[in-house]
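First residue of the sequence shown? That's 3 in the numbering used here, and the numbers climb one at a time after it.
Glycine residues also receive a C-beta, built at the ideal position from the N, C-alpha and C atoms.
Fair warning: this is a prediction, and the values are worked out from it, not measured in the lab.
This report refers to the structure that appears directly beneath it.
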Amino acid sequence: MPDSKLVIEGGTKLRQKPWPSRSLLGEEEKAAVNALFDSSLESGNAFGYNGEVEEAYCKEFAEYLGGGYADAVNSGTSAVFVALRALDLPMYSEVIVGAVTDPGGMMPIPMMGCIPVPADIAPNSYSTGPEQVEQAITAQTSAILVSHIGGEPADIEGILEVANKHGIPVVEDCAQAPGALVNGRLVGTFGITAAFSTMNGKHFCTGGQGGVGFTKDAELYKKIRWASDRGKAFGLPAGSKNKIASLNFNLGDLGAAIGREQLKKLPGIVERRRGVVAKLRAATEGLKSVSVPVLAPGVEASYWFLRMNFDPTAVTCDRSVFMQALEAEGLPMLADYVLINPHTFDWFTEKRVFGTPGFPWTSPEYKGDPNRVYPCPNIEKTHATSFRLSIHESWGDEEVADAVAIFSKVETAFKK
């Protein structure tokens with residue numbers, strides 16, 4: 003019989019065995035890479051970038067999204083940069099971005115000489131929402147960057163309604179949400195451009211790092227290509243010179259070879275993650291302290307991680323102790339992502355983007371307040387009533403059962 007005494011009080015750990023690894027890469031990716039090497043050895047030429055393999059990968063990625071144009075780049079951060087750079091945003095204009103995001107989802111904005119304006123998250127979400135975006139809009143706003151955090155789609159339709167009212171373009175950061183749906187439509191297809199991440203920790207990968215810039219607009223695709231490869235005059239007559247100053251963000255055929263095989267697996271990965279969450283939702287219905295969030299009608303998450311609801315009124319301990327107890331019993335907890343607010347980090351507060359701190363905020367051409375404060379009350383509320391659980395497609399019924407047993411054990415120990 004399992005020990006009812008908590009580990010943090012000297013009891014026995016409920017989950018003794020390691021949680022399963024993802025086994026993301028398989029023989030298919032190995033064969034694709036070997037074929038690329040074999041071709042290189044046979045020809046005597048090193049494989050490169052923007053070759054047949056990468057072109058095929060980009061074409062297949064665009065087809066996965068229902069058509070359009072995709073450009074493989076070397077990271078999700080680079081993808082955000084090129085997706086924004088293609089819009090030719092005015093210097094010193096403001097770009098609204100969700101306050102909870104990876105730093106790489108915000109840093110490209112000042113790297114283009116624009117001002118990042120963090121918008122609070124929506125209630126019951128880690129992503130920003132229409133009301134929060136509306137409140138952040140000023141006369142200087144030139145774009146809205148919407149991140150779908152944790153694989154849960156933001157209210158992209160509501161945000162688009164606000165954006166269209168003001169004539170502001172929307173860019174989607176889908177780094178954590180490939181395969182997520184809103185009313186049957188994949189995220190990444192709502193905005194004028196979109197960015198994806200294919201680093202090794204995401205749903206699917208192109209090796210250690212990678213990303214994709216996407217658009218349905220041929221002219222914007224041309225500009226994405228310029229931005230991703232030092233301004234090379236893609237789509238222009240032969241002999242045309244570099245059109246813009248940029249950096250080299252190319253991926254290469256090796257990563258693309260892996261990506262082609264991974265892309266085939268992505269729908270299955272997403273579906274299995276949804277299945278795990280559905281089982282967790284059903285199995286936790288009888289608990290008072292924790293629950294799996296119910297998403298809005300028509301919304302299907304792809305779950306990079308699982309945001310769990312926590313009810314502090316159901317237990318006698320505070321959130322910190324409850325989380326410690328869960329982790330001690332063997333539950334794979336994750337750091338508080340809701341506290342990953344890049345606008346509170348040193349680089350933002352000290353305005354360290356280029357050699358001299360301050361720019362672009364302190365430029366006399368910026369018409370906004372360089373010392374503007376960004377209150378985010380929903381972040382504080384959400385932090386107190388949620389936590390992250392690391393789930394993935396390799397979880398089976400045993401993992402679901404153990405997770406629920408841990409929740410139950412800790413809840414019982416601290417039950418009011």
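What residue range is occupied by the uninterrupted alpha helix (DSSP H) comprising residue i?
| i | result |
| --- | --- |
| V402 | 399–415 |
| S84 | Note that residue 84 corresponds to Val in the displayed sequence, not to Ser. Here the alpha helix (DSSP H) through V84 covers 78–87. |
| A229 | 220–230 |
| E367 | Careful: E367 lies outside any alpha helix (DSSP H) and carries neither H nor E. |
| F324 | 321–330 |
| F350 | 348–351 |
| T384 | 379–386 |
For the beta strand (DSSP E) holding residue i, just list the boundary residues, first then last.
| i | result |
| --- | --- |
| A145 | 143–149 |
| G213 | 213–217 |
| I98 | 96–100 |
| F206 | Per DSSP, F206 belongs to no beta strand (DSSP E) and is neither H nor E. |
| S199 | 195–199 |
| A2 | Nothing about residue 2 can be reported from this structure: the residues present for the chain run from 3 to 418 only. |
With distance defined between alpha-carbon atoms, name the residue in the options nearest to residue i.
| i | options | result |
| --- | --- | --- |
| P334 | P22, A85, S144 | P22 |
| V164 | L188, L27, V148 | V148 |
| C116 | T364, F409, E413 | T364 |
| P362 | P112, G78, L89 | P112 |
| H385 | V402, V375, Y339 | Y339 |
| L110 | T140, A37, R276, V84 | It is Pro, not Leu, that sits at residue 110 in the sequence shown. Nearest C-alpha to P110: V84. |
| A247 | G254, A240, G233 | G233 |
| Y450 | L38, F39, I393, I139 | Past the boundaries of the shown model lies residue 450; the chain is included only from 3 to 418, so the question cannot be answered. |
| N244 | K225, T387, D255, N252 | K225 |
| I260 | F39, K15, I194 | F39 |
| K14 | V412, T315, F416, K417 | As written in the sequence, residue 14 is Thr, which differs from the Lys given in the question. The residue with the shortest Cα to Cα distance from T14 is V412. |
| S95 | K417, P366, V406 | P366 |
| L256 | M310, E57, L8 | E57 |
| K383 | A405, G12, E65, N311 | N311 |
| A403 | L308, A284, S322, E65 | A284 |
| S322 | Y368, R390, C176, E44 | R390 |
| R17 | A415, T414, E400 | E400 |
| I161 | T286, S129, Q178 | S129 |
| V406 | V278, C378, D320, S388 | V278 |
| H394 | R274, C378, F416 | R274 |
| R87 | C319, S388, S77, M114 | M114 |
| T200 | T315, Y59, E29 | Y59 |
| A197 | E44, G106, A34, G28 | G106 |
| Q178 | D157, K204, K266, P20 | K204 |
| S127 | G360, R309, D348, T208 | R309 |
Buried or exposed for residue i, going by 16 or more other Cβ atoms inside 10 Å?
| i | result |
| --- | --- |
| E75 | The amino acid at residue 75 is misidentified as Glu; the sequence shows Val. The residue is buried, with at least 16 neighbouring Cβ atoms inside 10 Å. |
| V296 | exposed |
| T351 | exposed |
| S80 | buried |
| F206 | buried |
| A337 | exposed |
| M108 | buried |
| G50 | exposed |
| R262 | buried |
| M93 | exposed |
| E25 | The identity of residue 25 in the sequence shown is Ser, whereas the question assumes Glu. Exposed, because fewer than 16 other Cβ atoms sit within 10 Å of the Cβ of S25. |
| N250 | exposed |
| N185 | exposed |
| S242 | exposed |
| A327 | buried |
| E54 | exposed |
| S6 | exposed |
| L238 | exposed |
| Q137 | exposed |
Quick check: does the Cβ of residue i come within less than 7 Å of any heavy atom belonging to the ligand MG?
| i | result |
| --- | --- |
| K369 | Ligands are entirely absent from the displayed structure, and the ligand MG is therefore not among its contents. |
Exercise. Within the chosen definition, does the region 86–105 reach the region 340–353 through at least 3 CB pairs nearer than 8 Å?
Worked result: For the pair of segments examined, the region 86–105 was found to touch the region 340–353: the number of CB pairs separated by less than 8 Å reaches three.
For this session: Would you list, in sequence order, the uninterrupted beta strand (DSSP E) runs of no fewer than 3 residues that lie entirely inside the region 240–316?
Result: 308–312
Problem set entry | Given 8 Å, three or more beta-carbon pairs between the region 352–366 and the region 289–304 | no
For this session: Entirely within the region 106–188 and at least 3 residues each: give me those beta strand (DSSP E) ranges in chain order.
Result: Counting whole runs of 3 or more residues, the region 106–188 contains the beta strand (DSSP E) stretches 117–121, 143–149, 172–175.
Problem set entry | Segments assigned alpha helix (DSSP H), at least 4 residues, entirely inside the region 7–64 | 29–45
Exercise. Are the region 140–155 and the region 168–179 in contact at 8 Å, needing three or more beta carbon pairs?
Worked result: yes
For this session: Take every Cβ of the region 53–71, pair it with every Cβ of the region 116–135, and state whether three or more of those distances are shorter than 8 Å.
Result: no
Exercise. How do the region 302–312 and the region 148–157 stand: do at least 3 beta-carbon pairs fall below 8 Å, yes or no?
Worked result: yes
Exercise. Would you say the region 188–195 touches the region 29–49, given that touching needs at least three Cβ pairs under 8 Å?
Worked result: no
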